[in-house]
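*Asks:* Would you mind keeping the following structure in view while I ask a few things?
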Amino acid sequence: DAVKIVADFKRENGLPIDDFEREAQIIKTNTEYVKNPDYRSYYVNFLQENINLSKKMQHKLLDGMKVAYSGVEGAFANIATEKIFPDALAIGYKDFKTAYNAVVKGECDCAVLPIENSHNGDVAQVLDLAFFGNLFISGIYEIEIIQNLLANKGATVSSIKEVISHPQALGQCTEFINEKGYKTTEAVNTAVAAKTVAQSKRADIAAIGSIEAAKKFGLEKIEGHINESGTNTTRFAVFTRADNSKGNNDNHFVMLFTVKNTAGSLGEAITVIGKHGFNLKALKSRPTKELVWDYYFFAEGEGNIESEQGKLMLCDLQKCCNHLKILGRFEKEILIK
């Protein structure tokens, strides 16, 4: 029954089964209760075996979990989804909004959507969905993005005249594209671009995308790692219907707010966050679209907002904000390779 409770919680909150740092902390904390050092190694093995058995059962229980993403098989969003939730059924939707609404309607348990790329910046459509929608973020995962030049058999760097891909992917490879003098054409996502090139059977067009997309659509990698930046990562957020509030271990938070239209209101909000000892990692602004020159703010911070100082901070923010929503709180951001 305990394992089922854990599995149900993870399904409801869009959490992956594996959390190796958390497991290590549980083992460390519990092993400290064993006073005799001769017994500790045995107890560690005992705990690890129990954790492994629990996870094995969780894999079975979560086998029917459905996770939405935007795109088709081979797209980076699909790759991210399968890395975060390897046992779930990944379901592709035509765009961010449709994937998001699949969770709202209960068609899927959660959605994996990109919020930011290290080279091209914010994914504005997803930030807007977060502000205007009702879902919460249960975790953020950073995944390395490697862009490749993909084409039909027989194509070469010199035979290619045009490249097709998602606007973000094209932006990440601007230097390479300009150097080769290629014409650019936008696609809904990188996998659709690969499919388009494959179906054309032409040697003068290519797609920019993942190796997985090349394998799925029978393309060849003409040139690899054509990103401008040596390190190119995309941050994906897991959106769920449940407000994932776990308590003492949550040291990261995401919130949305609007401020009153008076001088110094934004500065006051930022001061409140710092005054209570919280580190503001990022602050992004987007137009609300309801009033001209009216903006909402997407903020990411470090610290536990369930603490006493966190509660005081939220209370003070209510005084200088028109709208305030805690979008998510979680233990840490996870890098997935």
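Read in the numbering used here, the sequence shown has 170 at position 171, and its numbers run on one by one without any break. Glycine included, each C-beta is placed from N, C-alpha and C at the ideal position. Note that the structure is a prediction, hence the values are computed from the model and not measured.
#1: Note the first and the last residue of the continuous beta strand (DSSP E) segment covering Phe-238.
#2: Is it right to say Cys-314 is buried, meaning 16 or more other beta carbons lie within 10 angstroms of its own, or is it exposed?
#3: In the DSSP assignment, what are the bridge partners of Thr-30?
#4: Are Met-64 and Ala-79 closer than 7 Å when you measure CB to CB?
#5: Determine the extent of the beta strand (DSSP E) in which Gly-208 is found, giving its start and end residues.
#6: Sort out for me which residues DSSP pairs Tyr-339 with in a bridge.
#7: Could you spell out the range, first to last residue, of the beta strand (DSSP E) harbouring Leu-255?
#8: Have a look at Lys-215, Glu-115 and Leu-265 and flag the residue whose alpha-carbon is nearest the alpha-carbon of Asn-321.
#9: In the structure shown, what three-state DSSP assignment does Ile-145 receive?
#10: State buried or exposed for Ala-150, treating a residue as buried only when at least 16 other CB atoms are found within 10 Å of its CB.
#11: Measuring CB atoms only, is the stretch 202-219 touching the stretch 134-149, in the sense that at least three cross pairs come out at less than 8 Å?
#12: Check whether the stretch 299-309 touches the stretch 109-117, counting contact only when three or more Cβ pairs, one atom from each stretch, lie closer than 8 Å.
#13: Just to check my reading of the structure: Asn-77 and Gly-91 have Cβ atoms closer than 8 Å, yes? What is that Cβ distance to the nearest angstrom?
#14: If you measure between the beta carbons of Phe-130 and Leu-255, is that distance less than 7 Å?
#15: Excluding five sequence neighbours on each side, which residues of the same chain lie with their C-beta closer than 7 Å to the C-beta of Ser-117?
#16: Between the Cα of Asp-121 and those of Ala-154, Thr-257, Phe-235 and Gly-70, spot the shortest distance and give me the residue it belongs to.
#17: Does at least one heavy atom of the ligand PLP sit under 6 Å from the Cβ of Tyr-140?
#18: Report the three-state DSSP secondary structure of Leu-218 (helix, strand or coil).
#19: Check Cys-109 in the structure and name its three-state DSSP category.
#20: Given a cut-off of 7 Å on the beta-carbon distance, is the pair Thr-195 and Ile-163 in contact?
#21: So, is Gln-317 buried or exposed, given that buried needs 16 or more other C-beta atoms within 10 angstroms?
#22: Let's test the definition: count the other Cβ atoms within 10 Å of the Cβ of Phe-75 and tell me whether it reaches 16, buried, or not, exposed.
#23: Excluding the five sequence neighbours on either side, which residues of its own chain have a C-beta within less than 6 Å of the C-beta of Lys-213, listed in chain order?
#24: Tell me, please, which residues DSSP counts as bridged to Ser-199.
#25: Could you say which of Arg-21, Asp-249, Ser-69 and Tyr-41 lies nearest to Phe-238 if we only look at CA atoms?
#26: Excluding sequence positions up to five away, which residues of its chain have a Cβ less than 6 Å from the Cβ of Tyr-32?
#27: Using CA coordinates, which residue listed in Thr-30, Ala-281, Ser-284 and Cys-319 is at the minimum distance from Ala-262?
#28: What did DSSP end up calling Ser-347 once you bin it into helix, strand or coil?
#29: Is it right to say Ser-284 is buried, meaning 16 or more other beta carbons lie within 10 angstroms of its own, or is it exposed?
#30: In chain order, what residues of the same chain lie with their CB nearer than 7 Å to the CB of Ile-258, ignoring the 5 residues before and after it?
#31: Among Met-312, Phe-252, Thr-97 and Asn-44, which has the Cα closest to the Cα of Gly-132?
#32: For a quick check, are the C-beta atoms of Ala-197 and Gly-217 less than 7 Å apart?
#33: Identify which residue in Tyr-42, Glu-161 and Gln-47 has its Cα closest to the Cα of Asp-18.
#34: Quick one: Cα of Ser-137 to Cα of Arg-39, how far?
*Replies:* Put simply:
#1: 232-239
#2: exposed
#3: None, per the DSSP bridge assignment.
#4: no
#5: 204-208
#6: Residue 339 lies beyond the stretch modelled for the chain, which goes from 0 to 336, so this question has no answer here.
#7: 251-258
#8: Leu-265
#9: coil
#10: buried
#11: yes
#12: no
#13: Going by Cβ atoms, the distance from Asn-77 to Gly-91 rounds to 6 Å, so yes, they are a contact pair.
#14: yes
#15: Ser-228, Thr-230, Asn-231 and Thr-232
#16: Phe-235
#17: For the structure depicted, the ligand PLP is absent and the ligand set is empty, with no information on it obtainable.
#18: Here Leu-218 sits in coil by DSSP.
#19: strand
#20: The answer is yes: Cβ separation under 7 Å.
#21: exposed
#22: buried
#23: According to the sequence as given, residue 213 is Ala; it is not Lys. Answer for Ala-213: Leu-149 and Lys-220, listed in chain order.
#24: None, per the DSSP bridge assignment.
#25: Ser-69
#26: none
#27: Cys-319
#28: This structure cannot settle anything about residue 347, because the visible part of the chain is limited to 0 through 336.
#29: exposed
#30: Per the sequence presented here, residue 258 reads as Val, with Ile not at that position. Counting only Cβ-Cβ distances below 7 Å, and skipping sequence neighbours, we find Ser-264, Leu-265, Ala-268, Cys-319, Cys-320 and Asn-321.
#31: Thr-97
#32: yes
#33: Gln-47
#34: Rounded to whole angstroms, the separation of the alpha carbons of Arg-39 and Ser-137 is 34 Å.
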